[in-house]
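Step one of this worksheet: look at the structure below.
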């Protein structure tokens with residue numbers, strides 16, 4: 001283990017992980033693994049919805065169940081923000097800010113926390129500001145941008161803005177929105193979990209032949225995954241469909257990721273194509289593995305605009321409609337997979353170097 005400045009650095013970090021889906025957790029798992037393997041920092045993680053994933057992925061890290069934020073609510077069968085349900089959830093979340101910040105301020109003070117990291121709940125930055133300690137935001141979007149895009153500027157979005165401005169700095173990931181709410185922004189390279197099972201080995205274990213294509217189809221955790229069980233139009237004999245864990249398998253050509261398997265990036269890395277809703281986790285893991293990606297956007301979700309824009313700019317995939325996803329009409333575009341795969345050879349360093357190292361160095365600069 002590498003040690004740096006142990007006589008003078010602050011060694012305790014409290015890491016707050018968003019409760020919106022699992023994408024924040026997967027990238028934060030990569031960051032925490034890197035910090036633990038290269039430093040002696042003592043890390044406490046606080047999260048709620050991805051609690052089990054974090055627990056199973058980081059068995060030796062102190063983990064506390066804590067609800068940090070509330071994201072958007074999508075309509076059950078459409079990738080569209082349910083504005084009424086989202087607003088009700090948003091307002092209820094904001095009503096609990098005072099009790100949350102009071103509780104977390106006491107916790108961080110009693111536990112001598114020296115640095116707060118949040119992806120991307122805003123209240124922890126208020127806690128850091130109250131305690132006079134540094135704080136780091138890590139994300140490709142903020143809830144301020146998301147909710148301002150849906151509802152416009154109001155007293156609640158102003159509250160989000162004020163909280164984010166308390167952050168010492170923001171580590172801005174690739175595929176990001178401008179993140180202008182932060183006073184200081186530092187671009188970092190791609191953050192994604194490492195692939196630790198060779199592609200050929202996993203494909204062999206799944207029975208994927210040399211002339212077959214393995215295609216992953218995903219919706220994320222915010223929509224009814226029964227949609228995936230009913231995908232139609234995949235009749236080509238040389239294609240097998242990989243589905244998320246827990247999805248009912250209705251065809252011998254479909255393969256499910258095992259329920260108890262946490263390192264899903266290995267399965268995505270074994271694919272020839274990823275077809276999914278937009279989301280940083282899936283996109284970053286596709287880029288890490290150099291797998292072409294077709295995505296559809298969630299209506300009214302600000303993050304997706306920038307994910308789609310960058311995928312098009314890099315020429316590593318296609319932007320499809322949700323209707324194309326469900327009908328499997330995207331299958332008519334797979335003749336471009338070789339072209340998209342070849343374009344990975346031309347990506348800049350920000351997409352090929354390890355953002356975890358960038359973030360470790362930023363952490364070191366703040367607490368060394």
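Residue numbers (full-length UniProt numbering): 1 to 368. We put the CB at the ideal spot given by N, CA and C, even for glycine.
Residue i, buried or exposed, once every other Cβ within 10 Å from all chains shown has been counted against 16
i: residue 177; result: buried
i: residue 50; result: buried
i: residue 86; result: buried
i: residue 226; result: exposed
i: residue 321; result: exposed
i: residue 179; result: buried
i: residue 153; result: exposed
i: residue 79; result: buried
i: residue 144; result: buried
i: residue 292; result: buried
i: residue 280; result: buried
i: residue 64; result: exposed
i: residue 246; result: exposed
i: residue 267; result: buried
i: residue 92; result: exposed
i: residue 77; result: exposed
i: residue 135; result: buried
i: residue 224; result: exposed
i: residue 355; result: buried
Whole-angstrom distance between residue j and residue i, CA atom to CA atom
i: residue 100; j: residue 69; result: 10 Å
i: residue 181; j: residue 250; result: 46 Å
i: residue 82; j: residue 72; result: 8 Å
i: residue 109; j: residue 133; result: 10 Å
i: residue 344; j: residue 155; result: 43 Å
i: residue 189; j: residue 214; result: 28 Å
i: residue 131; j: residue 103; result: 13 Å
i: residue 137; j: residue 211; result: 44 Å
i: residue 296; j: residue 328; result: 12 Å
i: residue 23; j: residue 303; result: 13 Å
i: residue 316; j: residue 349; result: 15 Å
i: residue 43; j: residue 117; result: 10 Å
i: residue 75; j: residue 351; result: 33 Å
i: residue 376; j: residue 171; result: In this structure the chain extends from 1 to 368, so residue 376 is not present and cannot be described.
i: residue 199; j: residue 271; result: 8 Å
i: residue 216; j: residue 282; result: 10 Å
i: residue 1; j: residue 40; result: Note that residue 1 has pLDDT 32, beneath the 50 cutoff, so the model's placement of it is unreliable and no number is given.
i: residue 10; j: residue 106; result: Unreliable placement is indicated for residue 10, whose pLDDT of 47 sits below 50; the coordinate value is still reported in the next sentence. For residue 10 and residue 106, the distance between alpha carbons rounds to 18 Å.
i: residue 337; j: residue 274; result: 11 Å
i: residue 368; j: residue 18; result: 27 Å
i: residue 202; j: residue 173; result: 29 Å
i: residue 84; j: residue 149; result: 15 Å
i: residue 362; j: residue 32; result: 14 Å
i: residue 205; j: residue 197; result: 11 Å
Residue i, DSSP secondary structure in three states
i: residue 212; result: coil
i: residue 7; result: Because the pLDDT at residue 7 is just 46, under 50, the model does not fix this residue reliably, and the value given afterwards should be weighed accordingly. Coil, per DSSP.
i: residue 288; result: helix
i: residue 120; result: coil
i: residue 45; result: strand
i: residue 271; result: coil
i: residue 276; result: strand
i: residue 108; result: helix
i: residue 370; result: A query on residue 370 cannot be resolved here, the shown segment of the chain reaching from 1 to 368 and no further.
i: residue 63; result: strand
i: residue 348; result: coil
i: residue 356; result: helix
i: residue 2; result: Confidence is the limiting factor: at residue 2 the pLDDT is only 34, short of 50, which leaves the residue's position unreliable, though a coordinate-based value still follows. Three-state result, residue 2: coil.
i: residue 195; result: coil
i: residue 94; result: helix
i: residue 254; result: strand
i: residue 23; result: helix
i: residue 207; result: coil
i: residue 306; result: helix
i: residue 341; result: helix
i: residue 218; result: strand
Presumed contact (8 Å Cβ cut-off) between residue i and residue j, rounded CB distance
i: residue 299; j: residue 192; result: That belief does not hold up - the Cβ atoms of residue 299 and residue 192 are roughly 26 Å apart, past 8 Å.
i: residue 56; j: residue 262; result: 5 Å
i: residue 38; j: residue 360; result: 6 Å
i: residue 257; j: residue 244; result: 6 Å
i: residue 330; j: residue 301; result: That belief does not hold up - the Cβ atoms of residue 330 and residue 301 are roughly 20 Å apart, past 8 Å.
i: residue 284; j: residue 218; result: Between residue 218 and residue 284 the Cβ distance is about 14 Å, and since that is not below 8 Å, they are no contact.
Per DSSP, cross-strand counterpart(s) of residue i
i: residue 135; result: 116
i: residue 316; result: According to DSSP, residue 316 bridges with nothing at all.
i: residue 425; result: Nothing about residue 425 can be reported from this structure: the residues present for the chain run from 1 to 368 only.
i: residue 384; result: The displayed coordinates of the chain run from 1 to 368. Any statement about residue 384 would go beyond what the structure contains.
i: residue 81; result: 74
i: residue 388; result: A question about residue 388 goes unanswered here, because the residues of the chain that appear run from 1 up to 368.
i: residue 150; result: DSSP lists no partner for residue 150.
i: residue 186; result: 171
Residue i at chain C interface by Cβ criterion, 8 Å
i: residue 159; result: Absent from the structure is chain C; it holds one protein chain and no more.
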